[in-house]
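Asker:
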Amino acid sequence: MKNVFTLSFGLACAYLITGYLSNLLLAIDGYAVGSWPPAGIAVAGFLLWGQKSIVGTFIGALFTNLIHLDSASDILNWQIFIQAMAVATTSVFQAWLGAQLITKVIKAPLDLSSLKRNTQSLLVAGPLCCIIGAAVGTSLLALNNVIPQHAVVNNFIMWWIGDSVGVVIFTPLLLAAFNYSQVRQRLQVIVPSLVIYIVICVSFYGATSAKKTQDIAQQQAKIHTVKNTIENELAEITAHLTLLATFFASSEDVQFKEFVRFTSKQLALSEEVLAFQWLPYVPHQQLSQHQALRSRTVTENYYVKQRSTTNNWQAVTVRDGYYPVQYINPLPGNNSLLGFDLAADPAIDETLKQSKTLNELMISKPLQLVHGTSELAVLFFQPVFTNTTSDDDFKGFVVAVVSVETLAQTLAASQDHLVTASVVDVTTTDAPHAIYTADHSDMTLLASYQLLIGKRQWQVDLHQPRSRTAWLIYWLAQLAGMIFVWLLVTFLISVTGTNIQIGEQVAKQTRSLRREKQKADDASRIKSQFLANMSHEIRTPINGIKGLHYLALQQNDWQQARSYIEQADGALGVLLRVLNDVLDFSKMEAGKLNLIPQPVDVARLAEE
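Here the sequence shown is numbered in our numbering, starting from 3 and rising by one per residue.
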């Protein structure tokens, strides 16, 4: 039980740590990793320890998917947790299936000494089985809207390649670590491979970090440029209104032609300004006089009016004062607005009062243009005083009708349509109002900031086209480096396997030679003993013959000498038999000994 716990804990930690570091150093766009070591660790775990590795692999895969959440509270989201459980289960099944195919198809999954079998095993457990994890993982990300639909194919390919590369690199490394008997053999495969792998990872991380820093700097510069452009456009509108307010403040009575001549130049300079208006302040006591005078100088049947509940024109209701549209440029298409009292709208009336009190430029909330189009606009109000800011010197408001859509489109055109701007009025936080929403369906958010203008708060969302082309080169470079590591691992395992085979053959031949040498030593010892015995057997009859010959030569008696000679002849016969026996041994070694049956005279043998 203790061994199973240790194994599960070790596998879970190895899976989690390598997965975290891979996402930290190698991840592109959040999910594209050129090498995913946990996939190789999981396959090696099943090959080495079988079903005992299920728990450790599952726990490691589960926590690896959960550590990338934006906040810890997301774990309580059942959809996110189920997605992590599904990916972890798929990772375990993929590793188990790869190990089963290797053991059933290749038959020798742990034979690292054979380059052919090792390559076959990796191809089965790598590119073939890793399709499962890539398909399930990508599908879950797409279904939960984590990745857009157009990125599904690219994400699947990158996921599949990352898992495959992780298997072909880290599965043989773990098998080498646990199956090579000698430490030297393990080190000569693992150390160079890991060193090169780490160098590639750190180099890639450094390159991508530098690129991210450069991209951030470029984005900040782009955001700064866009902000300045928007602020400059708004400042230009404010300057136009200030000049127009000065014009009305310094003139006793501005005629319509003068108004048109003055504002036409300003309209030509600012495309986003749809129209300029002059709103004089008309007290209730002077309403009839104002209507009669303007019917003669502006247009016939001029009267101060407002919109009814049915959206038709009607005479204004009784109020203390009015702000009718006396002049408007351009006039064509806007004739119906002459005499329109903007103060009839309570929200605009409040804005006018505040602008007058503070003597500051203020803008209205987003509103639909009166002439019936769906386009939204905002009104810039600039109060006009003659010399002081007292009510007696107050003359009215100059107004700029600004199309935020045109402003945003002008901004996009100035940026070669690489940036779009959407504007939301968030002055009332509980009820934000979209002024203009640009089409950003295939774009990503560049920045979001708030702009305070005319006592109103605008939120500007900047979007830019989504692009992955720049990262593709880095990912391909990462993949090329990982393929190099795989080739290095394959080469080192091949060399180590060859050395192991040569070592085993040398050891076998050495044992065989030792046995042969032992046999030769035994044969030499036997021959030495044989020669010593033969020397004794030959020397004995020779000494007898020599002694008997000496005795025979010393005798004068022939009979006695004859007896000695006969005894010497018997000893000579013994010597001849000994020599024949030696020749028989030589024939035995040469395989040419022939056995010839001969009668034996036992009595004579006993006498001898």
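Idealized CB from N, CA, C, for every residue including glycine.
A quick note: this is a predicted structure, and the numbers were derived from the prediction, not measured.
Using the C-alpha atoms, what's the distance from LEU276 back to VAL380?
Answerer: Walking along the sequence shown from the start, residue 380 turns up at place 378. Walking along the sequence shown from the start, residue 276 turns up at place 274. In a straight line, the C-alpha of VAL380 is about 10 Å away from that of LEU276.
Asker: As an exercise, report each continuous alpha helix (DSSP H) stretch of at least 4 residues that is fully enclosed by the segment 410-450, in chain order.
Answerer: Taking only runs of at least 4 residues, no alpha helix (DSSP H) segment lies wholly in the segment 410-450.
Asker: Find the nearest neighbour of GLN639 within the set PRO385, THR353, ASP347 and THR388, judged by alpha-carbon distance.
Answerer: Since the displayed the chain opens at 3 and closes at 610, residue 639 lies outside it and no answer follows.
Asker: Decide if ARG579 is buried, meaning its Cβ has at least 16 other Cβ atoms within 10 Å, or exposed.
Answerer: In the sequence shown, residue 579 corresponds to position 577, counting from 1. So ARG579 ends up on the exposed side.
Asker: Starting from GLN461 and walking both ways along the beta strand (DSSP E), at which residues does that stretch end?
Answerer: For the purposes of this step, residue 461 is taken as the residue at position 459 of the sequence shown. Run containing GLN461: 458-467, per the beta strand (DSSP E) assignment.
Asker: From ILE567 to GLN520, what does the alpha carbon distance come to, in whole angstroms?
Answerer: Taking the sequence shown and counting its residues from 1, one reaches residue 567 at position 565. Taking the sequence shown and counting its residues from 1, one reaches residue 520 at position 518. Taking the straight line from one Cα to the other gives about 48 Å.
Asker: By DSSP's criteria, VAL284 is part of a beta bridge. Which residues make up the other side?
Answerer: As a first step, residue 284 is located in the sequence shown; it is residue number 282 there, counting from the start. DSSP output for VAL284 lists TYR324 as bridge partner(s).
Asker: Rounded to whole angstroms, what is the Cα-Cα separation between GLN151 and GLN466?
Answerer: Against the sequence shown, residue 151 aligns to sequence position 149. Against the sequence shown, residue 466 aligns to sequence position 464. Going by the C-alpha atoms only, they are around 18 Å apart.
Asker: Below 8 Å on the Cβ atoms is my contact criterion, and I expect CYS132 with VAL89 to pass it. Report the Cβ-Cβ distance as a whole number of Å.
Answerer: On the sequence shown, position 130 is the one that residue 132 refers to. On the sequence shown, position 87 is the one that residue 89 refers to. In fact, because the Cβ distance is near 13 Å, the residues do not count as touching under 8 Å.
Asker: Here's the rule I'm using: 16 or more other beta-carbon atoms within 10 Å means buried, otherwise exposed. How should PHE486 be labelled?
Answerer: Here residue 486 is taken as the residue at index 484 of the sequence shown, counted from 1. When all chains shown are included, PHE486 counts as exposed.
Asker: Quick one: does LEU363 have its CB under 8 Å from some CB of chain B?
Answerer: Absence of chain B from the displayed structure is noted, only one protein chain being present.
Asker: Per DSSP, what kind of secondary structure is ASP586 in: helix, strand or coil?
Answerer: By 1-based counting over the sequence shown, the position of residue 586 is 584. Here ASP586 sits in helix by DSSP.
Asker: Grouping DSSP H, G and I as helix and E and B as strand, with all else coil, what is GLY36?
Answerer: For the purposes of this step, residue 36 is taken as residue 34 along the sequence shown, with counting starting at 1. It is coil, neither helix nor strand.
Asker: Contact defined as beta carbons within less than 8 Å: I believe LEU124 pairs with THR173. What is the distance between those atoms, to the nearest angstrom?
Answerer: The count along the sequence shown starts at 1 and reaches residue 124 at position 122. The count along the sequence shown starts at 1 and reaches residue 173 at position 171. The Cβ separation is near 7 Å, so the contact holds.
Asker: By DSSP, does MET3 sit in helix, in strand, or in coil?
Answerer: Counted from its first residue, the sequence shown places residue 3 at position 1. Because the pLDDT at MET3 is just 47, under 50, the model does not fix this residue reliably, and the value given afterwards should be weighed accordingly. Coil at MET3, not helix or strand.
Asker: Can you list, in chain order, the residues of its chain with a C-beta nearer than 6 Å to that of VAL576? Leave out the 5 residues immediately preceding and following it.
Answerer: The residue given as residue 576 occupies position 574 in the sequence shown. Within the same chain, VAL576 has close Cβ partners PRO543.
Asker: Helix, strand or coil for ALA277? Go by DSSP, reduced to three states.
Answerer: Position 275 of the sequence shown, counted from the start, is the residue given in the question as residue 277. Three-state DSSP puts ALA277 in a strand.
Asker: Figure out for me which residue from SER290, THR92 and ASP586 has the closest Cα to the Cα of ILE598.
Answerer: If you number the sequence shown from 1, residue 598 lands on position 596. Ranking the options by Cα distance to ILE598, first place goes to ASP586.
Asker: Tell me whether ILE84 is buried or exposed, calling it buried when 16 or more other Cβ atoms sit within 10 Å of its Cβ.
Answerer: Position 82 of the sequence shown, counted from the start, is the residue given in the question as residue 84. Classification for ILE84: exposed.
Asker: My output table needs one value for PRO194: the three-state DSSP class, helix, strand or coil.
Answerer: Residue numbering aside, residue 194 sits at position 192 when the sequence shown is read from its first letter. Helix, per DSSP.
Asker: Less than 8 Å separating the beta-carbons of TYR438 and VAL425?
Answerer: In the sequence shown, residue 438 corresponds to position 436, counting from 1. In the sequence shown, residue 425 corresponds to position 423, counting from 1. Yes.
Asker: Span of the beta strand (DSSP E) holding PHE382?
Answerer: Working through the sequence shown from its first residue, we reach residue 382 at position 380. Counting along the chain, the beta strand (DSSP E) containing PHE382 begins and ends at 378-387.
Asker: Ordered along the chain, which non-local residues of its own chain (more than five positions away) have a Cβ less than 7 Å from that of ILE69?
Answerer: Taking the first residue of the sequence shown as 1, we reach residue 69 at position 67. Around ILE69: TYR22.
Asker: Considering just the uninterrupted stretch of the beta strand (DSSP E) at ASN331, what are its terminal residues?
Answerer: Residue 331 sits at position 329 when you count from the first residue of the sequence shown. ASN331 -> beta strand (DSSP E) spans 329-331.
Asker: Out of curiosity, what's the CA-to-CA distance linking ALA433 and ASN146?
Answerer: The residue you call residue 433 lines up with position 431 of the sequence shown. The residue you call residue 146 lines up with position 144 of the sequence shown. About 29 Å.
Asker: May I ask you to report which of helix, strand or coil DSSP gives LEU369?
Answerer: For the purposes of this step, residue 369 is taken as residue 367 along the sequence shown, with counting starting at 1. Correct three-state label for LEU369: strand.
Asker: Quick one, are the C-beta atoms of SER266 and ASN336 less than 8 Å apart?
Answerer: For the purposes of this step, residue 266 is identified with residue 264 of the sequence shown, where counting begins at 1. For the purposes of this step, residue 336 is identified with residue 334 of the sequence shown, where counting begins at 1. Against a cut-off of 8 Å, the Cβ pair of ASN336 and SER266 comes out as no contact.
Asker: What are the boundary residues of the beta strand (DSSP E) that GLY398 is part of?
Answerer: Here residue 398 is taken as the residue at index 396 of the sequence shown, counted from 1. Taken as a continuous stretch (DSSP letters only), the beta strand (DSSP E) holding GLY398 covers 396-404.
Asker: Hey, quick one: how far does the alpha helix (DSSP H) through LYS307 stretch, first residue to last?
Answerer: Counting from one through the sequence shown, the residue named residue 307 turns up at place 305. Where LYS307 is concerned, there is no enclosing alpha helix (DSSP H), although the beta strand (DSSP E) it sits in stretches over 307-309.
Asker: If GLY52 and LEU13 are in contact, beta carbons under 8 Å, what's the gap, nearest whole angstrom?
Answerer: Counting from one through the sequence shown, the residue named residue 52 turns up at place 50. Counting from one through the sequence shown, the residue named residue 13 turns up at place 11. Their Cβ separation, rounded to whole angstroms, is 12 Å, which puts GLY52 and LEU13 out of contact at 8 Å.
Asker: Buried or exposed: LEU143, going by 16 or more other Cβ atoms within 10 Å of its Cβ?
Answerer: Along the sequence shown, read from residue 1 onward, the residue named residue 143 stands at position 141. Under this definition LEU143 is a buried residue.
Asker: Determine the direct distance from the alpha carbon of TYR199 to that of ASN25, and round the result to whole angstroms.
Answerer: Here residue 25 is taken as the residue at index 23 of the sequence shown, counted from 1. Here residue 199 is taken as the residue at index 197 of the sequence shown, counted from 1. When rounded, the distance between both Cα atoms is 15 Å.
Asker: Taking all protein chains shown into account, decide if VAL401 is buried (16 or more other Cβ within 10 angstroms of its Cβ) or exposed.
Answerer: Position 399 of the sequence shown, counting from 1, holds the residue named residue 401. That one is buried.
Asker: From SER10 to ALA179, what does the alpha carbon distance come to, in whole angstroms?
Answerer: As a first step, residue 10 must be located in the sequence shown, where it is residue number 8. As a first step, residue 179 must be located in the sequence shown, where it is residue number 177. One C-alpha to the other measures close to 18 Å.
Asker: Do you know offhand how far ALA270's Cα is from TRP80's?
Answerer: Locating residue 270 in the sequence shown gives position 268, where the first residue counts as 1. Locating residue 80 in the sequence shown gives position 78, where the first residue counts as 1. So the two alpha carbons sit approximately 58 Å from each other.
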